[in-house]
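**Q** If you use full-length UniProt numbering, the sequence shown corresponds to residues 1 to 128, in order.
From the three backbone atoms N, C-alpha and C, an ideal C-beta is built for every residue, glycine too.
For clarity, every value in this text was computed on a predicted model and none was experimentally measured.
This structure is in structure tokens; I'll ask about it shortly.
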Amino acid sequence: MTPAELANIYRDYIACLNRQDWATLGRFVHDEVVHNARPLGVAGYRAMLEQDFREIPDLRFNIELLISEPPRIAARLSFDCTPVGAFLGLAVNGRRVSFCENVFYEFDDRKIRQVWSIVDKAAIEAQL
1 MTPAELANIY
11 RDYIACLNRQ
21 DWATLGRFVH
31 DEVVHNARPL
41 GVAGYRAMLE
51 QDFREIPDLR
61 FNIELLISEP
71 PRIAARLSFD
81 CTPVGAFLGL
91 AVNGRRVSFC
101 ENVFYEFDDR
111 KIRQVWSIVD
121 KAAIEAQL
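If you want it as structure tokens, here you go:
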């Protein structure tokens, strides 16, 4: 797979998330996906994302930076949203916050198999 092909798969995955098209998620996520060392499988990964959207109804994933080096993707995602309650242990409670997530993905058979992610919690704290 070329870097451009992998980047296009990733962009389609982000579009899937933004549509909350959970029925299509398995097209992008491996059956044995692991997130930050936690084996989730597609069902657990979907549940995690659905919970994110419940806690942040206006959640939208925006690709700020994307590096494709098959079988890996590195991305900086930006968010401008209003979590309804606590978020990352912070009492956001409906206030608008902007922050980024730095995330690395490893693909296997054109699907996300491993995810390593960290959210810039300090940026949120500074806004509260």
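Give the straight-line distance between the Cα atoms of Gln127 and Phe61, rounded to the nearest whole angstrom.
**A** 20 angstroms
**Q** Tell me where the beta strand (DSSP E) around Ile112 begins and ends.
**A** Counting along the chain, the beta strand (DSSP E) containing Ile112 begins and ends at 111-119.
**Q** Can you check which of these residues, Asp31, Glu50, Leu40, is closest to Lys111 by C-alpha distance?
**A** Asp31
**Q** Which residue wins for smallest C-alpha separation from Glu69, given the options Glu106, Leu49, Arg54?
**A** Glu106
**Q** Report the option in Gly26, Cys81, Val42, Gly41 whose CA atom is closest to the CA atom of Pro57.
**A** Cys81
**Q** On the three-pair Cβ rule with 8 angstroms, is the segment 78-94 touching the segment 10-29?
**A** no
**Q** How would you label Ala75, buried or exposed, when you count the other beta carbons within 10 angstroms and need 16 or more for buried?
**A** buried
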